[in-house]
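Each residue of the sequence shown is one higher than the one before, counting from 1 in full-length UniProt numbering.
Note that the Cβ used here is the ideal one computed from N, Cα and C, for glycine as well.
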Amino acid sequence: MKNWHYALLVFLGGCCYGILSTFVKLAYSVGFSPSEVTGSQYFLGTILIWSAVLFTKKKKLNLKQILKIMMCGIPFGLTGIFYYHSLKTLNASLAIIFLFQFVWIGALFDWIFNKKKPGKQKLVSIIILLIGSFLAANIFVQKNYTFSLEGTIFGILAALSYTTFIFFSSSVEKDTPPVLKSALLSTSALVVIFLLFPPSFLFHFHILRGLIPYGLILGIFGVVFPPILFSIGMPKVEPSLGTILPASELPVATIMSSIVLSEYVNPSQWFGVILILIGIIVGNVVYERKAVEA
C-alpha cells in the first residue's frame, strides 16, 4: 500500500468522528441523556467490533501486550467524557475549538517524544487548520458565548486525551491485527465509560430499545471504524501528520449538520471548511515529499 493510502485511512477515521455530532444531537432531541448516548455508543460498538474479531485473523497475545493496548484505550474513553463536561458550561462552538487544539498538540508531542521539530510548512499547515476551525465553528459570528474556567479545563483535557490516544495507540503493538487491537482499545474505553457513567439504561428495556438505532450508528462510526482505520494507517505516517489528518472531523460535522439537520451554514463557515481541507493537504504534501526523498 502506498504512503498516501495510509494517510487516506487516517483521514477517513477523522471523517467518521465528524458524523457523530449530528446523530448525538438527534438522540438528545428525543430525550436521551449524554450518559445514555455515550454508554450505548461504546457498549454496542464494542459488541460489534468483538463480533468482527470472530471472522478475522487470530493472534495470541500475552497479558503484557493486552494491557499495553488497553492502556491506550483509556484516553479513547476519556476524550468523550472530558468533551461532555466541557459542553456543560461552554457553548458547543467553543468546546469544539478547544477539542480542535489537538492539531498543534500532536506536533508538540512529536517534538517532545520523537525529537522531531515541526518545519515551516508543517507550522503553516497547523495555522491554516486553526484559522479554518474558528471559521467553520462560526466562532466570529455567534454572540452571547457562555465561558467558564471549568469548561475550558475540560475542553483542553479533551484535546490532550484525544491527542494521546491518536499518538500512542499507533506505536503500541504494531503487529497486532487491527480489528483485534481495536476491540481491545474499545473494551478499555467501555470500562472507563461505565465506571464513570453506570449503565442503568441496560436494565430498562424501553430505554435500551429506543437507544439502539442511535447507539449502533454512533458505535459504528465512533467505536468500530476509527480505531481500525487509525491502527492500519497511523503506524505508516508521521505522528505529527497523524494528528493533522483527523482534522477532517470538523468539515464533515459541518456538512452533516447542513444536510441531515438542515442547519444554516454561512459562507464564512464554508470558507473555514475549505481552509481545513487545504491545511490537511499542505501537511500531507510535506509528508509525501519526505517519503519520496527517503
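### Task
For Thr254, collect the residues of the same chain with a Cβ closer than 7 Å to its Cβ; drop the 5 residues on either side in sequence, then sort them by chain order.
For the purposes of this step, residue 254 is taken as residue 254 along the sequence shown, with counting starting at 1. The residues are Ala136, Val265, Gln269, Val273.
### Query
Which residue comes first and which comes last in the alpha helix (DSSP H) that contains Ser35?
As a position in the sequence shown, residue 35 is number 35, starting the count at 1. 34-53 is the extent of the alpha helix (DSSP H) around Ser35.
### Task
Just the C-alpha distance for Ser257 and Lys60, rounded to the nearest angstrom, thanks.
Against the sequence shown, residue 257 aligns to sequence position 257. Against the sequence shown, residue 60 aligns to sequence position 60. Cα to Cα, the separation comes out at about 43 Å.
### Task
Please confirm if Ile276 has its CB atom under 7 Å from at least one CB of chain C.
Included in the structure is just one protein chain, with no chain C present.
### Task
Express the C-alpha separation of Gly210 and residue 296 in angstroms, rounding to a whole number.
Summary: the structure shown does not reach residue 296, with the chain confined to residues 1 through 294, and so no result is reported for it.
### Query
Pro227 and Ser182 look like a contact to me (Cβ under 8 Å); what is the Cβ gap, rounded to whole Å?
Here residue 227 refers to the residue found at position 227 when the sequence shown is read from its first residue. Here residue 182 refers to the residue found at position 182 when the sequence shown is read from its first residue. Right, the Cβ-Cβ distance comes to about 4 Å (below 8 Å), so this counts as a contact.
### Query
Can you tell which of Ile280, Val260, Gly219 has the C-alpha that lies nearest to the C-alpha of Cys16?
The sequence position of residue 16 within the sequence shown is 16, counting from 1. The shortest C-alpha separation from Cys16 is found at Gly219.
### Message
Give the list of continuous beta strand (DSSP E) stretches no shorter than 3 residues that lie fully inside the segment 104-172.
### Response
none
### Task
Spatial neighbours of Lys117 within its chain, please: CB distance less than 6 Å, with the 5 preceding and 5 following residues excluded, ordered by chain position.
The count along the sequence shown starts at 1 and reaches residue 117 at position 117. Annotation for Lys117: Trp111 place their beta carbon closer than 6 Å to its own, counting only its chain and skipping 5 residues before and after.
### Task
Out of Lys88, Ala159, Met70, Thr79, state which residue places its alpha-carbon closest to the alpha-carbon of Leu108.
What you label residue 108 is simply residue 108 of the sequence shown in a count that begins at 1. Leu108 has its Cα closest to that of Ala159, out of Lys88, Ala159, Met70, Thr79.
### Query
When the distance is taken between beta carbons, is Ile19 closer than 7 Å to Phe221?
Locating residue 221 in the sequence shown gives position 221, counting from the first residue. Locating residue 19 in the sequence shown gives position 19, counting from the first residue. Contact: yes.
### Query
Are the segment 61-75 and the segment 162-175 in contact at 8 Å, needing three or more beta carbon pairs?
yes
### Query
For Lys60, which of helix, strand or coil comes out of DSSP?
Numbered from its first residue, the sequence shown carries residue 60 at position 60. The answer is coil: DSSP assigns Lys60 none of H, G, I, E or B.
### Task
Going by CA-CA distance only, name the one from Tyr162, Leu130, Glu263 that's closest to Pro75.
Counted from its first residue, the sequence shown places residue 75 at position 75. Shortest Cα-Cα distance from Pro75 to any of Tyr162, Leu130, Glu263 involves Tyr162.
### Query
Which term fits Thr79, buried or exposed, when burial requires 16 or more other beta carbons within 10 angstroms of its beta carbon?
By 1-based counting over the sequence shown, the position of residue 79 is 79. Its Cβ being crowded by 16 or more others within 10 Å, Thr79 is buried.
### Task
Would you mind stating whether Ile193 and Tyr42 have Cβ atoms separated by less than 7 Å?
Counting from 1 along the sequence shown, the entry for residue 193 is found at position 193. Counting from 1 along the sequence shown, the entry for residue 42 is found at position 42. It is a contact, given that the beta carbons lie within the stated cut-off.
#### Entry: Own chain, CB closer than 6 Å to Ala52, minus 5 neighbours either side, in chain order
Taking the sequence shown and counting its residues from 1, one reaches residue 52 at position 52. Hits under 6 Å: Val179.
#### Entry: Inter-residue CB distance, Pro177 and Thr56 (contact presumed, cutoff 8 Å)
Taking the sequence shown and counting its residues from 1, the one referred to as residue 177 is at position 177. Taking the sequence shown and counting its residues from 1, the one referred to as residue 56 is at position 56. Their Cβ separation, rounded to whole angstroms, is 6 Å, which keeps Pro177 and Thr56 in contact under 8 Å.
### Task
Please look up how many angstroms separate the CB atoms of Ser133 and Ile97, rounded, as I've assumed it's under 8 Å.
Start at 1 with the first residue of the sequence shown, and residue 133 comes out as number 133. Start at 1 with the first residue of the sequence shown, and residue 97 comes out as number 97. Indeed, because the Cβ distance is near 6 Å, the residues count as touching under 8 Å.
### Query
When you compare only the Cα positions, how much space is there between Ala294 and Ile276?
Numbered from its first residue, the sequence shown carries residue 294 at position 294. Numbered from its first residue, the sequence shown carries residue 276 at position 276. Bear in mind that the predicted position of Ala294 carries a pLDDT of just 48, short of 50, making it too unreliable to give a figure here.
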